[in-house]
Amino acid sequence: MTETTDKKPPLNGRRALPLNNSNDEENEVPEMEAFGLIPRGFNPKDYLRVVDIHMFKEPHEINKQEHHTDKYYNPKLIVRRGQSFQIQIDFNRPYRPETDQFWLEYLIGRYPQQNKGTYIPILLRDVLKPGEWGAKITHKENSSIRLSIMSSATCIIGKFRLYVAVWTPFGILRTHRNSTTDTYILFNPWCQQDAVYLDDEKEREEYVLNDVGIVFHGNINDIKLRSWSYGQFEENILDACLFLMDKAELELSGRGNPIKICRVASAVINSRDDNGVIAGSWDNTYTYGVPPSAWTGSVDILLEYYSSKQPVRYGQCWVFAGVFNTFLRCLGIPARLITNYSSAHDNNANLQLDFFLDDEGKVDTKLTKDSVWNYHCWNEAWMTRPDLPVGFGGWQVVDGTPQETSDGSMYRCGPASVQAIKHGHVCFQFDAPFIYAEVNSDIVYLRRAKNGTQVIENIDTTHVGQLIVTKEVGRDGMMEITEEYKFQEGSEEERLALETAVMYGVKKQSVQDTSYQPQTDVDMEFQVQKAVLGSDFKVTITFRNKSHNNYTATTYLSGNIVFYTGVTKNEFKKHSFNAKLEPYASSTFDVLIKSSEYLSDLLDQASFHFFVTARINETGKILAIQKATVLEIPALRIKTQGAMVAGKEMSVTVEFTNPLKQTLENVTLRLEGPGVLRTMKKEFRQIPANSTLIWEVKCIPNRPGLRKLIASLNCNALRHVYGELNVQIQKP
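Note that the sequence shown covers residues 1 to 732 in full-length UniProt numbering.
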């Protein structure tokens, strides 16, 4: 007997079988499983034998049509669980139910076991029960039979292998391994018994079947949007998404549970601590990688990871969220991308962000560890939460951006019930306190007094989590969902939710224990003029003195270039002045910001942060406010020429005019559109000031319908330049 090189994996004392956590691995299945000694005259050909199996797996055939899987660019059968599908078996002779006995077997992974749901024998029944495995003959003709197969509504998600087994008196005969009959089984938001069931067809079309979406970015005073190609139906993306679960080593038997899948996926989307999909970079240096702003969609990232098995460089929050959304929609979990404007990054989750001021009223960057992100993107996934009390199912927050380690072990976040966050029930798993703080923290301005004590100078309770948005259903507009996360600012319900959150262990210092009496009779606010990148603009500061006193205010404006995470790179503008405040009067003061002051240090997102602090000299009280602002960045223009018909060549042109007073060097353009063209890239050495670049591309669209083209331009001096165009592709 020859030695087999296939060593058995080491066992440990706790399990009879090794972990079954790879969808990719297989076991050998015997084609003849004998019951004992086989008599000499036995000939398998005397018994019922399978000649062929038809899976009806073409996009236009019944299975993919009824299961809403016709858009997947994948030749195999793809069905959704808890819903019946059809196959046809051709035998070597007519099937005789009185004497012939056969059944189907679905297997997944290397160690299939019936009690784990990884080995599924499917027996013939007269009646199919909804949401339970079973098969029923619907049609017989000559030597062929047509079967309707029902899968369980809690079935594992993944790629199964199919065998047909025939009983003979001496043993079981099986069909040989045939990969063309492999069947992918996905979540089913159309099935009432599925944990991800969503009852609105328009929402299912948006949150499961739409393969492009919108990312809202910029900041609260200047909301910007860009399209993102999710591409969940593109070639090899389904396999890449299943590979992520193998990478996360999620036991196959747990893969029918959307809570578990979301939890492990939120860790594997980022590369911290598990070599996951995307490496984050927030420091404006993107050596040996693609700057986060250059990506136009998820497909390139997932395919690169699937082939290289190494983290793809680089991402920031919207990239993590875009790829996570592709993963969820691809597997059939309804999902949407969320933007929270003025998102708190609270390092010790105490519901307050501490900004330390020095004697001049400037923020002390050494002492200040917390930051407010201009915006932060995460995802919501739709599912029931049988692990929580009734009422906390529905949208769940999941976040793939590595911020804090969850439960001290891995960079992952969620799923956390949006409803539980709103009501302050942050005791319910997973990571609710962290998300509660992201949308509810107060900003506290502190000053170190000479004797070392901390004096609270100002508290801003409304800055954080001012606006939470997502894309509208069926349209490209913005839908505000702030109300789903928090009650009206200042309402009785909001107080109650906060007290509940504190009761459940969210830390919050009470302000009473420090002597804090704000200046109530003077209001201060400021406005930043909208400006295009490369031009001068002004900041207008307004004081309103509501008292009968004459006041003077020593005012300090600090302009900083910041990462969108609110972390300062440097201060480019300092300006102090004395303001005279007449009784019962408003006074305004303008500060001019010149382009020469900011252009040399600008970061990717052309993002500024202004702090204005004013000391009322007569009372010694301090007023402090802060605001982020984003410059207008010119867009790319996309045009098409010729007829736009599926299967026929068409031409796409991308144009861009350089707005800066300098030459742009080493410029990269990217263009993609799911169903129209795979991502194309082109490098340009230089674009001189005020000159226009034109790039023409030929492509052959393969899917009719309304599609979207998305382009991005990137170079060191200019990032976040986007363009998009809706195109109607006709049927041939």
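Cβ coordinates follow ideal geometry from the N, Cα and C atoms, glycine included.
Computed from a predicted structure; not experimentally measured.
Counting of Cβ neighbours within 10 angstroms places T183 among the buried residues, the total reaching 16 or more.
Cα atoms of G131 and D194: separation of roughly 8 Å, rounded to the nearest angstrom.
A distance below 7 Å between beta-carbons, with the five flanking residues on each side excluded, links Y73 to the following residues of its chain, in chain order: F233, E234, E235. Fully contained in the segment 299-373 are the following alpha helix (DSSP H) runs of length 4 or more, in chain order: 299-308, 317-331.
Each of V591, I120, V268 was checked against the Cα of A579, and the nearest Cα belongs to V591. Three or more pairs of CB atoms, one per stretch, sit closer than 8 Å, so the segment 281-295 contacts the segment 310-327. With distances taken between CA atoms, I108 lies nearest to E28 out of T175, E28, H139.
If you check the CB distance, Y411 and R226 do not come in under 8 Å. A buried status is given to Y230, since no fewer than 16 other beta-carbon atoms sit within 10 Å of its beta-carbon.
Spanning the alpha carbons of R177 and S22 requires a straight line of approximately 18 Å.
Counting along the chain, the unbroken alpha helix (DSSP H) around V268 starts and ends at 258-268.
In the DSSP annotation of this structure, F243 is not part of any beta strand (DSSP E); the continuous alpha helix (DSSP H) holding it starts and ends at 237-247.
A distance below 7 Å between beta-carbons, with the five flanking residues on each side excluded, links S84 to the following residues of its chain, in chain order: L128, S148, I149, M150. Straight across, the Cα-Cα distance linking G82 with E683 is about 49 Å. Counting only runs that start and end inside the segment 502-583, the beta strand (DSSP E) elements of at least 3 residues fall at 522-528, 537-545, 551-562, 568-581.
For K621, the three-state secondary structure derived from DSSP is strand. Contact check for L446 and V439: beta-carbon distance about 22 Å, past the 8 Å limit, so the pair fails to qualify. In the DSSP assignment, the residues bridged to L77 are T183.
In this structure, the straight-line span from the alpha carbon of H548 to that of Y584 is close to 6 Å. For R336, the closest of K260, I214, I120 by C-alpha to C-alpha distance is I214. With fewer than 16 other Cβ atoms from the protein chains shown falling within 10 Å of its own Cβ, Q662 counts as exposed.
Distance check between Q65 and each of V79, H54, P75 places V79 closest, using alpha-carbon atoms only. Residue environment analysis places T99 among the exposed positions, since fewer than 16 neighbouring C-beta atoms fall within 10 angstroms of its C-beta. Scanning the segment 673-707 for uninterrupted beta strand (DSSP E) segments of 3 residues or longer gives 677-687, 692-699, listed from N- to C-terminal end.
Fully enclosed beta strand (DSSP E) runs of no fewer than 3 residues occupy 212-219, 222-229 of the segment 186-238, in order along the chain.
If you draw a straight line from the Cα of N560 to the Cα of L581, it is about 27 Å long. Each of L467, C317, D536 was checked against the Cα of Y598, and the nearest Cα belongs to D536.
Rounded to the nearest whole angstrom, the CA to CA distance from A420 to Y106 is 39 Å. Here H423 carries a helix assignment [DSSP, helix/strand/coil].
Per DSSP, the continuous beta strand (DSSP E) segment holding Q728 begins and ends at 718-729. Annotation: the continuous beta strand (DSSP E) that includes E480 extends over 478-480.
Minimum Cα-Cα distance from L209 among the listed residues E492, L331, A497 corresponds to L331. Between the beta-carbon of F320 and that of G218 there is about 18 Å, and that puts the pair past the 8 Å contact cut.
In the structure shown, V390 falls within a coil segment according to DSSP collapsed to helix, strand and coil.
Here P334 really is in contact with V196; their C-beta atoms are around 6 Å apart, less than 8 Å. Note that the C-beta distance between P433 and V426 is below 8 Å.
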